[in-house]
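The structure appears below as structure tokens.
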Amino acid sequence: MSLKERISEDMKAAMRAKDSERLSTIRMLQAAIKQREVDERVVLDDAAVIAIVDKLIKQRKDSVVAFEQGGRPDLVAKESAEITVLEAYVPQRLSAEQIGAEIAALVAELGAAGPGDMGRVMAAAKTRLAGKAEMALVSAAVKQALAK
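Residues in the sequence shown are numbered from 170 upward in steps of one, following our numbering.
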């Protein structure tokens, strides 16, 4: 079953269970997927759907920080609940040690020497680690590896 089919099935299950919060989050995800498919006139594969989910999770995390600073615990709880629902659709993330090992291997493969090679290493890391790791952690690992 593809990820899009799983999302549809989860939406039906949320409707049957009358779980309105989960349902609204899944509908928001489906709307984002459909919007991208219509805009680009393509049918998205699982990797593209995971990229959309990652983007939505990042947006929710940014909102949580803003709402915490604004003193809005009600909205923090809502955004946190959405993050929990969305995280069910991304694969298990790599740990910091695993990311570091992957980046070290990439740096060795590409023969990267210093900070000037960061763009090249990040481009390769994005293709290799897409959906497996948060890009902010990957970027930090690349900076650390190239600073040595």
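Backbone N, C-alpha and C define an ideal beta-carbon position, used for all residues, glycine too.
Candidates the options: closest to residue i by CA position
| i | options | result |
| --- | --- | --- |
| I176 | V290, Q238, V259 and I268 | V259 |
| L279 | S249, I219, T194 and A294 | A294 |
| A309 | A277, G300, T296 and A273 | A273 |
| A265 | R241, V233, S232 and L306 | L306 |
| R205 | D188, K187 and L225 | L225 |
| T296 | I252, E271 and D286 | E271 |
| L298 | P284, A277, G269 and K312 | G269 |
Burial state of residue i (16 or more Cβ within 10 Å)
| i | result |
| --- | --- |
| A314 | buried |
| K173 | buried |
| R229 | buried |
| T194 | buried |
| V218 | buried |
| V254 | buried |
| E248 | buried |
| D338 | Lying before the first or after the last residue shown, residue 338 is absent from the chain, which here runs from 170 to 317. |
| A183 | buried |
Beta-carbon proximity check, residue i vs residue j, cutoff 8 Å
| i | j | result |
| --- | --- | --- |
| A282 | V290 | no |
| E190 | A257 | no |
| G300 | D223 | yes |
| R241 | E303 | no |
| S171 | D231 | no |
| A201 | I221 | yes |
Neighbour flag for residue i against chain B, beta carbons, 8 Å
| i | result |
| --- | --- |
| Q313 | You won't find chain B in this structure, because it holds only one protein chain. |
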